[in-house]
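*Asks:* I have a structure I would like to understand better, so I am pasting it below and will then ask my questions one at a time.
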């Protein structure tokens, strides 16, 4: 086992890939019987500090339908200077530059440790990054002020040659011209009218930009024209201007009468932002960053009317088909998202409001373009401020941790086909020999576009084994998958990262234990969860739970050891032991449960779940709980109500929230002020320990989690109580008669009950 | 009068003389010889033939006639050619003989006209008389006097008889009454006639005066004479108590007949003409001159006696002098000597006299009158109404020109001096009525002319500055009204500016319950309301409904039934006053916010390049300090906003808290909206720094623009939306340069097509291309958004369409074609300043209530009407005028008269809601004569012009013109038929009050809208059409009949303006400079022979050739002449609501054509008839109606 764990870990570190099965069933039939599909989590830009990029073009297979990249798995004939593609078996000449290769003089891409390799290629002009701020002005004064400060601050974080633009909106939408002296200019659009990209460009005067510009300064070198859109200017040129402009931003001046929401034209603002970039900088890295403080209330994309007496749609409304604007709005944003994605731009949404802001409708904007989605209560919170700051964080090389306009190409051995991908991507509709007809996630293609990605962005990619049962794979044969990610690095370079991995085939009939042992239950849980969430997003909710349950039962049936109809005999091997628990928490998670969550929250959670890497995803599914006490160092404890004890401090990380919970006794001590007494300094330290640990998490997490410091009996303790396994509830508390833990007031089943049922169903012969 | 005289005297003498001689000789010789009066008639007959012959060559001579007045130059002018024509058709046969030469001279003037109209007879004499007549009140009394004089004249005529001159004079003065003396045709007769007349002149001077009056008696008394009388008489009779004269004229009728038949009508004129001019010069001979002189003098003296005289007298002062000077000398000589030759010198003098002379002439008349007993009768008759005048073109000899070949003379001409002269009329009125304040207490009083400076004392009726009516005596029945065809209309200028001497309307506050009103018809409390039952109730003067007097308004009555507080309450004692409106009178039941001004500046390539944008911005910086304050506020309450635009609109946020202005571009022109609320409309003082910064930057920002495609409708929409958003009324100042062809609502095509002119489709040129703008206007009116448009076109920009919104919202259009900074800057800035500063009422509704029997049926002006009674005006400034037409819906009674109440509800520029009330009481009459006696021609023309200008929207222009002529003919025919004493059909008899109707109407017909010349653009026509529609009476008056002032006659030591002269080329002298103004332009015409000293003094250059005609202002030179001329210009500019463009015209320069266009008494390039011709035509029309 240890070997497999190590293997898995190694692979993840080297390639950013984790497969659900690390030994692959060799036939389609058996693969289907494995229940958990053959799939992987791919982190295309996983940070590899030890991986220096090479400065030349990759060598491609010459077969037009293949074009796989030369990799360590290829067979090379050094004498003939030939290499055989390991995917299509085409024999290829090395290019002239490789004339000198030999067994001892190998190019990097042939060395086994370079199963993942970065190429820097020189292609096309380098265009600076573009940041287009789309700012809601219908905010409270305090919020607006905070937002303005954040935006001003962000200017200093941007790459100096980046282009910035500013669009503000309220009742109207204003596109600000940035290079004006003495007077600030903006183009104003009605917030109620959707415009085509052509119209927008016409109205912004972008259709014939060459004329006025060249006349203005005929001597400017030619590189300028591209950059010279009046609305997008290099930050170093207009830093002061923009700072002033932001400083002078006023709240939307149109009066809002009592009982009304301010008129907010988010839909049009986004549409204009998209249209602006579409016209000026197609296919270059650009971020549209939308800051909004409330729901769109007018125009296309409106989510709710301006009457305060009509609340924003809830899940209940949606179920009852009572959300008037939802479909239309969703369609609007979907169209926008698709356009944006087609142009290789991305949209971030920073929504800070106490009420919903329409993330449900707008989610596709971020989901399809790889943009960030951040949800907070106010712009005047550290949650927003730090999250926003972290968008511009840099890696150890001092480069921004963001990449743009990526396309992911997947090649597989001929025994495999590609089912689809789930993540912040859209299909490029590249049909090929590796594409399966059975779609899982976004399928029907072997290429996806990921408009924006960072080192954590992780896609789930699902495969299908197509090898027929009667065509056995030769012993020792390996299946291979190659991921080719082309992207624009934040340094404006074009890069290509190629990851090639291979796994052994195994015959499930006689080598099931190998396969079983090579099961990566964490990856599998996340991959199944993604499938589940994806289904939940695209289909009806309750069915998903039933599907998940059925999958779980089938898996248990397949891999459990039991006697028929004897639940007590049920056993799972170590490699599967945690899997049911993940599923238990997944069922309760906000990714699948909408109870107690607004549609916006659901969208927000799902958004992040679909793009975080495995570790984070697991935290999301099953939060981590640490316990601090005088009895020893902090220890992870069960996410169970029984862990809630009076003399403990708990730290829960659920990815979205960091909760510090003081047990009853601890809370009383703190209330009594012991921590301030020198003789109880150890108590002070105890109190401080979880704070420090929380801070550590807060430092690195993106988005910044909600930080909750609470104690026994306080209302905010609900964040903790809703996550733990309700092993003790008001129903069974007295039955158990135990002192430990605290009861949870819920009707949800506990893990125990869940497992009991699972066992029963798994062993049932009727199933 | 005086003007004419003066002007003429100088130059004329020298040249004219010959002409006169000729005229006298031929005319008199042939015709006159017989009998004085008869001879005249005979002459007429003769003249006709004579005219014909001479016509061709000499036709122009008539112009010579002019020369008599002015300089030879005039002779050169068209007249000659015209004359021929005339002669040819009409009179050729008769005159052809010897007379031609003489007549020729005469003819010229009239001839051209004749050619067209056929009949020359018309009103030579009229002018003089007309002048008198017109001032109804004054004139009436005078008239009687005059009539008698006329009689006397007759006698004189007889005496003079021999000397045709007498006749001439008569005609001239008399208004060339009877012209059609075909009989005389005897050939030379015409010419002769003229000749004689000329010879007569001296006498005629006197004659004319006596003229009509005399004739009438004669006619009555003698068969023959009448005819002659008509010739000679006409003038006099016309001028004076025409009606009286008419009977006498029975003789004339004959001549008249001739006229109709042929150009014969015209023929007569020749005789008359002959008489006129020739008389003076030639006649003067020893005998006449003496008579003449004496008569004139006496006339004046007499004048004092007869009512008419006063008029004359008034005017006389100048004339007299002139007269005395010239008359004595020349006339005498002329007469005695061979009338023709010797007269030469005298002629001019006479002519002058004639022109101006009417006054004088009349003077003489009185004498005559005195002499003739018969006159007394006339006197009685005419006493009241004498108004009508007879014109006998034939009888009026035009002055002969020396230059003219003798041959030409034969033509018969109407002496232009003998036909009613607007100058004379204006002068008379000014002299008679300018001194005393006009007290409005009496019902149905006819106010002084608009050209007269007078003070008004409001004693219960609205000042004529607010309301003028076409007639102050309304026919009691609709039948009468129909019969007379005199339109009943009031020209209302509700917010007119008053001179500082007069008090503006008092503001009355009736408290929370609002103004006291009649319960039924809602008329407002006014002086005509009758309080009854001891003051507890009042009876409405409009609908007779009895309404309780609210307790807080109760007051006891005194023994006369007047309330005790009568004099304390403006609404009980004054004709005009204002009420403070209560919240019930406000939109949405909410007191209005102060209005806003939005400046919307075109920043296209053209506008920027021409420097316009910079100019506007610079000007606005200072102009914003002069926004109207609406009373006594410390600072203006008006907020301002700024927009610039080309293909897109740029709004500016100039909020005071901003460090720098913000520009907001709206490109969505298809769906215009206002991008900001707060900061767009600001208080000037609070945001001054930001505004200044903005105005500094606008020209810079667009300095490099290449944009030439413009939008227009979205601009208005934007302004409208801004006002809507701000929930206030306001005004948009749009500065625009070109046809809006950019893709946007209201986009226009260039549809200018001169080929449409004179087709049935011509009307489309005046109609908007699309009804989009009409709908937009509707919205603007609803919001109280008034649109002022400043246009700077370099090519067609479709004023007809662009102006729709402006027009319907009560805004103004200003147009500066081919704008150039150097030349047009001052004019534009002055217009802009005035437009921004003037008081404006916003969001106004006007309703005109009338007493039972008539009601307002039609409205003309710049406004919008959503129903048939309420005139809605988004904005109404102090220059905007609304003409209202009334029709009968029942009978009126003489006792109660007719009442008008015009109530205007508006928001003042301070944001106060007010009601302005104007009341006017009119008399009612059962006699048509009363109607005609209380008419106001200027107002009538105002109405007719507006009516016609509206007509061109829906009818072919020709139809409109014909209708105008027809209506005018009917009016005059009705008078002739019902009011004038019977007389020869060949006589043209005009009502005293309407004697200028033909000349003015002709001006209307010749205006660019109704008869465009090739150089007049479609835009200009549309522009003028809209402009005229909002004009008040004073403006239409000067617009259609421009004021022509001889600058060289200026008295540098005196404040007074030089006397105006008539708008005819004949009146211009090569050696003089003239100033002509029509409310839009000022021309300074410089003759080629002007003294270098004057040129140096005025233009600062040493010679004629160095005068630049591109200068837009006169150089400021330190010499009395320059100062004086400039002060005159300043004064003129101050009188007009728009700054007039100065155009320097050098004689024989390219601009002269333009200038000549405004010499409205002459035949125009575009085919417009000369005054004389038109008069003849009118005469023909009238006769057709009568027969």
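Protein chains in written order, with the numbering used here: chain A, 61 to 827; chain B, 85 to 1271.
Idealized CB from N, CA, C, for every residue including glycine.
On a predicted model such as this, the values are computed, not experimentally measured, just so you know.
When you compare only the Cα positions, how much space is there between residue 1093 of chain B and residue 1035 of chain B?
*Replies:* 11 Å
*Asks:* Just confirm the distance between the C-beta atoms of residue 896 of chain B and residue 919 of chain B, as a whole number of angstroms; I'd bet it's less than 8 Å.
*Replies:* 6 Å
*Asks:* With respect to the beta strand (DSSP E) encompassing residue 137 of chain A, which residues constitute its N-terminal and C-terminal limits?
*Replies:* 135-137
*Asks:* So residue 561 of chain B and residue 972 of chain B are supposed to be a Cβ contact under 8 Å. How far apart are they, rounded?
*Replies:* Rounded, the Cβ-Cβ distance is 7 Å, consistent with contact.
*Asks:* Excluding sequence positions up to five away, which residues of its chain have a Cβ less than 6 Å from the Cβ of residue 719 of chain A?
*Replies:* Excluding its 5 nearest sequence neighbours in each direction, residue 719 of chain A has C-beta neighbours in its own chain below 6 Å: 712, 768, 779, 780, listed in chain order.
*Asks:* Could you spell out where the alpha helix (DSSP H) holding residue 760 of chain A opens and where it closes?
*Replies:* Start and end: 741-760.
*Asks:* Strictly below 9 Å CB to CB, what residues from chain B border residue 314 of chain A?
*Replies:* Against chain B, the beta carbon of residue 314 of chain A has neighbours under 9 Å at 760, 761, 762, 809, listed in chain order.
*Asks:* How is the alpha helix (DSSP H) around residue 92 of chain A delimited, first residue to last?
*Replies:* From DSSP, the alpha helix (DSSP H) with residue 92 of chain A extends over 88-93.
*Asks:* If you compare alpha carbons, which of B:1138, B:937, B:754 is closest to residue 625 of chain B?
*Replies:* Of the candidates B:1138, B:937, B:754, B:937 places its Cα closest to the Cα of residue 625 of chain B.
*Asks:* When we look at the beta-carbon of residue 67 of chain A and count the other beta-carbons within 10 Å, is it buried (16 or more) or exposed?
*Replies:* exposed
*Asks:* Following the continuous beta strand (DSSP E) through residue 474 of chain A, name the residue where it begins and the one where it ends.
*Replies:* Per DSSP, residue 474 of chain A belongs to no beta strand (DSSP E) and is neither H nor E.
*Asks:* When you compare the CB of residue 770 of chain B with every CB in chain A, is at least one pair closer than 9 Å?
*Replies:* For residue 770 of chain B, no Cβ of chain A is located within less than 9 Å of the residue's own Cβ.
*Asks:* Can you tell me which residues form a DSSP beta bridge with residue 554 of chain A?
*Replies:* A:181, A:548
*Asks:* Tell me where the alpha helix (DSSP H) around residue 962 of chain B begins and ends.
*Replies:* Counting along the chain, residue 962 of chain B falls outside any alpha helix (DSSP H), and DSSP gives it neither H nor E.
*Asks:* Go ahead and pull the three-state DSSP assignment for residue 1014 of chain B.
*Replies:* helix
*Asks:* Decide if residue 685 of chain A is buried, meaning its Cβ has at least 16 other Cβ atoms within 10 Å, or exposed.
*Replies:* Buried.
*Asks:* Considering only C-alpha positions, which residue in the set B:588, B:1215, B:576 is nearest to residue 1114 of chain B?
*Replies:* Ranking the options by Cα distance to residue 1114 of chain B, first place goes to B:576.
*Asks:* Determine whether the Cβ of residue 1120 of chain B lies closer than 9 Å to any Cβ atom of chain A.
*Replies:* no
*Asks:* Can you list the residues of chain B that residue 245 of chain A reaches, using a CB-CB cut of under 7 Å?
*Replies:* 747, 749
*Asks:* Let me know the secondary structure DSSP gives residue 737 of chain B once reduced to three states.
*Replies:* strand
*Asks:* Between residue 535 of chain B and residue 1025 of chain B, what straight-line distance do the alpha-carbon atoms span, to the nearest angstrom?
*Replies:* 14 Å
*Asks:* From residue 495 of chain A to residue 527 of chain A, what does the alpha carbon distance come to, in whole angstroms?
*Replies:* 14 Å
*Asks:* List, in chain order, every chain B residue whose beta-carbon is nearer than 8 Å to that of residue 234 of chain A.
*Replies:* 748, 759
*Asks:* Assign residue 1151 of chain B to one of three DSSP states: helix, strand, or coil.
*Replies:* helix
*Asks:* What is the DSSP secondary structure of residue 669 of chain A, reduced to helix, strand or coil?
*Replies:* helix
*Asks:* Have a look at A:181, A:649, A:215 and flag the residue whose alpha-carbon is nearest the alpha-carbon of residue 193 of chain A.
*Replies:* A:215
*Asks:* Give me the chain A residues within the contact set of residue 785 of chain B, using Cβ-Cβ distance strictly less than 9 Å, ordered along the chain.
*Replies:* 240, 242, 243, 245
*Asks:* Establish whether the CB of residue 293 of chain A and some CB of chain B are separated by less than 9 Å.
*Replies:* no
*Asks:* To test your reading of the DSSP string, which unbroken beta strand (DSSP E) runs of 3 or more residues are found completely within the region 1134-1213 of chain B?
*Replies:* 1157-1161, 1165-1170
*Asks:* Counting only the same chain and skipping the five closest in sequence on each side, list residues whose C-beta sits under 8 Å from that of residue 551 of chain B.
*Replies:* Closer than 8 Å at the Cβ level, and outside the excluded window around residue 551 of chain B, lie 574, 575, 576, 577, 984, 986, 1002, 1004.
*Asks:* Short check: CB of residue 78 of chain B to CB of residue 635 of chain B, under 9 Å?
*Replies:* Any answer about residue 78 of chain B is impossible in this case: the structure gives chain B only from 85 up to 1271.
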